[in-house]
Amino acid sequence: MKLKSSVRLHGGNNMIKIAMYWGAGCGGCDVSLLGLHEKILDLLNEAEIVFWPCAMDFKYEDLEKMEDKSIDVAFYNGGIRTEENEEIAKLLRKKAKILVAYGSCATEGCVIGLANLYDKKDIFETVYLKNETTKNDEKIVPKEETDDLKLPEFLPYLKTLEQVVEVDASIPGCPPPMPVLEDALNALLQGKTKFGKEVALCDECPRKDTKPDKIEISRFYRWHEKEDNGDCFLAQNMICMGPATRAGCGGECISANIPCTGCMGPVPKVRNQGTSMLSAIASLIGEEIDEETEKEIINSIEDFAGTFYKFSTAKLLPEGRLKDES
């Protein structure tokens with residue numbers, strides 16, 4: 642597939658100006674752009690990279706000096722966990738015509754968003770004071786200011802990009818798979834902000850032909866607890882988020898014999914991916930079993946938040962864990 646551009650976002654013969662920023666995340670989204678391999682040359686024929694501090698020696702001052710709306714497309718990957726992340730998100734919004742939330746951390750919060758189930762004090766204690774692999778005899782935890790240095794504030798909760806600024810387009814995935822990225826780039830280079838498939842992953846699952854008409858659940862197994870026979874994971878009583886997850890990745894994890902965990906986010910027009918999957922599971926359990934058996938099946942799910950809200954906790958709990966007021 643060749644990247645193509647039929648519309649110049651700013652008119653004239655100048656190349657499209659693009660920017661990329663890495664917020665709170667693992668860095669995989671930046672690497673995913675390089676996963677275009679030789680197609681990145683097609684991109685560079687159409688676009689000029691004007692800001693990408695992870696890959697080139699750009700400074701924040703360079704971005705500040707750019708004229709407002711002088712960047713055609715800015716990609717923001719990573720969540721917003723620090724004062725610095727938030728500042729750059731607002732600056733990119735000011736400088737870019739199109740701002741794209743790139744990857745699961747920016748769009749939903751991703752795995753690091755699970756930290757929103759805890760407050761900042763709990764996180765620092767776990768990481769710096771109670772972690773068995775961290776030697777910290779002096780019990781030092783990060784401070785915003787010392788005698789010689791000021792660090793960006795570690796915000797109370799992780800935020801998605803859309804919770805801080807207006808977002809024009811989103812590219813899901815952890816990181817975005819190549820087919821999704823190519824489709825998005827082709828759309829964005831033509832000035833379009835709507836792209837992606839609108840069906841569930843089950844529609845393109847490499848195991849879809851093995852899914853029976855009726856699935857019977859006796860208990861749920863984790864991946865390491867049961868040998869995979871190559872059939873539909875749900876039919877094997879292993880939780881697969883495919884029914885509640887947007888298609889587009891081509892079932893890469895399933896092709897590697899790993900159930901879908903939902904990194905592509907919900908199917909369009911579905912806000913709560915976890916609730917959607919829980920509803921699907923409830924329909925599989927059925928109404929004919931007794932209450933005790935139902936409890937046993939539910940209790941066989943080890944980690945509800947990590948299973949059903951692995952990628953979307955920050956999006957759905959922007960102020961952190963719901964407090965019990967009783």
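Number 967 marks the last residue of the sequence shown (the working numbering); no jumps. Here a beta-carbon is modelled for each residue, glycine too, at the ideal position from N, C-alpha and C. Computed from a predicted structure; not experimentally measured.
* Kindly list the residues whose CB is nearer than 8 Å to the CB of Glu705, restricted to its own chain and excluding five residues on each side of it in sequence; keep chain order. => The residue labelled residue 705 in the question sits at position 64 within the sequence shown. These residues qualify, in order along the chain: Leu732.
* Asked: At which residues does the alpha helix (DSSP H) containing Val741 begin and terminate?
  -> Stepping through the sequence shown from its first residue, residue 741 is reached at position 100. Where Val741 is concerned, there is no enclosing alpha helix (DSSP H), although the beta strand (DSSP E) it sits in stretches over 737 to 743.
* Asked: Excluding five sequence neighbours on each side, which residues of the same chain lie with their C-beta closer than 7 Å to the C-beta of Ser920?
  -> Reading the sequence shown from its first residue, position 279 is the one you call residue 920. Cβ within range, chain order: n/a, list empty.
* To do: Note down the Cα distance separating Ser859 from Phe945, rounded to an integer number of angstroms.
  => Reading the sequence shown from its first residue, position 218 is the one you call residue 859. Reading the sequence shown from its first residue, position 304 is the one you call residue 945. Approximately 18 Å between the Cα atoms of the pair.
* C-alpha gap between Phe795 and Pro909, whole angstroms -> For this step, residue 795 is matched to residue 154 along the sequence shown. For this step, residue 909 is matched to residue 268 along the sequence shown. Rounded to the nearest angstrom, the two C-alpha atoms are 32 Å apart.
* To do: Locate the alpha helix (DSSP H) running through Lys910, then write down its first and last residues.
  => Locating residue 910 in the sequence shown gives position 269, where the first residue counts as 1. Counting along the chain, Lys910 falls outside any alpha helix (DSSP H), and DSSP gives it neither H nor E.
* With a threshold of 16 other CB atoms inside 10 Å of the CB of Asn870, please say whether the residue is buried or exposed. => Counted from its first residue, the sequence shown places residue 870 at position 229. Label assigned to Asn870: exposed.
* From Val808 to Lys776, what does the alpha carbon distance come to, in whole angstroms? -> Along the sequence shown, one-based indexing puts residue 808 at 167. Along the sequence shown, one-based indexing puts residue 776 at 135. About 41 Å.
* To do: Would you list, in sequence order, the uninterrupted beta strand (DSSP E) runs of no fewer than 3 residues that lie entirely inside the stretch 733 to 800?
  => 737 to 743, 795 to 800
* **Proximity winner among Glu728, Glu823, Cys894, Cys843, relative to Trp864 (alpha-carbon distances)** => Within the sequence shown, the letter at position 223 stands for residue 864. Nearest option by C-alpha distance: Cys894.
* Figure out for me which residue from Ala825, Cys901, Ala737 has the closest Cα to the Cα of Leu677. => If you number the sequence shown from 1, residue 677 lands on position 36. Measuring from the Cα of Leu677, the nearest candidate turns out to be Ala825.
* **Cα-Cα separation, Asn718 to Cys815** => Taking the sequence shown and counting its residues from 1, one reaches residue 718 at position 77. Taking the sequence shown and counting its residues from 1, one reaches residue 815 at position 174. Whole-angstrom Cα-Cα distance: 10 Å.
* Asked: Between which two residues does the beta strand (DSSP E) carrying Val691 extend?
  -> Along the sequence shown, read from residue 1 onward, the residue named residue 691 stands at position 50. That run of the beta strand (DSSP E) goes 688 to 692.
* Asked: Quick one: what's Phe716 bridged to in DSSP?
  -> In the sequence shown, residue 716 corresponds to position 75, counting from 1. DSSP lists Met661, Val741 as partners of Phe716.
* Please classify Ile712: is it buried, with 16 or more other beta-carbons within 10 angstroms of its beta-carbon, or exposed? => To locate residue 712, count along the sequence shown from 1; it is residue 71. Buried, since its Cβ has 16 or more Cβ neighbours within 10 Å.
* **Close beta carbons around Val840, own chain, < 6 Å, minus the five adjacent residues each side** => Position 199 of the sequence shown, counting from 1, holds the residue named residue 840. Correct list, in chain order: Ala888.
* Using a Cβ-Cβ cut-off of 7 Å (strictly less than) and excluding sequence neighbours within five positions of Asp709, which residues of its own chain qualify? -> Locating residue 709 in the sequence shown gives position 68, where the first residue counts as 1. Excluding sequence neighbours, Asp709 sits near Lys735, Lys736.
* Asked: For Gly754, which option in Lys800, Cys890, Ala923 has the closest C-alpha, if you only look at C-alpha atoms?
  -> Residue numbering aside, residue 754 sits at position 113 when the sequence shown is read from its first letter. Considering only alpha carbons, the answer is Lys800.
* **Neighbour-count burial assignment, Leu674, 16 or more Cβ in a 10 Å radius** => Position 33 of the sequence shown, counted from the first residue, corresponds to residue 674. Buried is the call here.
* **Beta-carbon proximity of Glu689 to Leu830, cut-off 8 Å** => Against the sequence shown, residue 689 aligns to sequence position 48. Against the sequence shown, residue 830 aligns to sequence position 189. Taking 8 Å as the Cβ cut-off, Glu689 and Leu830 do not qualify as a contacting pair.
* Asked: In angstroms, rounded to a whole number, what distance separates the CA positions of Glu932 and Arg848?
  -> Reading the sequence shown from its first residue, position 291 is the one you call residue 932. Reading the sequence shown from its first residue, position 207 is the one you call residue 848. In a straight line, the C-alpha of Glu932 is about 32 Å away from that of Arg848.
* Asked: DSSP state of Ser811, grouped into three classes?
  -> Counted from its first residue, the sequence shown places residue 811 at position 170. Three-state result, Ser811: strand.
* Three-pair Cβ contact test at 8 Å for the stretch 693 to 700 versus the stretch 748 to 765 -> no
* **Secondary structure, beta strand (DSSP E): runs of 3+ residues fully inside the stretch 879 to 947** => none
* When you compare only the Cα positions, how much space is there between Val911 and Gly903? -> Walking along the sequence shown from the start, residue 911 turns up at place 270. Walking along the sequence shown from the start, residue 903 turns up at place 262. Roughly 13 Å separates the two Cα atoms.
* **C-beta atoms of Leu842 and Ile856 nearer than 8 Å** => Along the sequence shown, read from residue 1 onward, the residue named residue 842 stands at position 201. Along the sequence shown, read from residue 1 onward, the residue named residue 856 stands at position 215. Cβ distance not < 8 Å, so Leu842 and Ile856 don't count as in contact.
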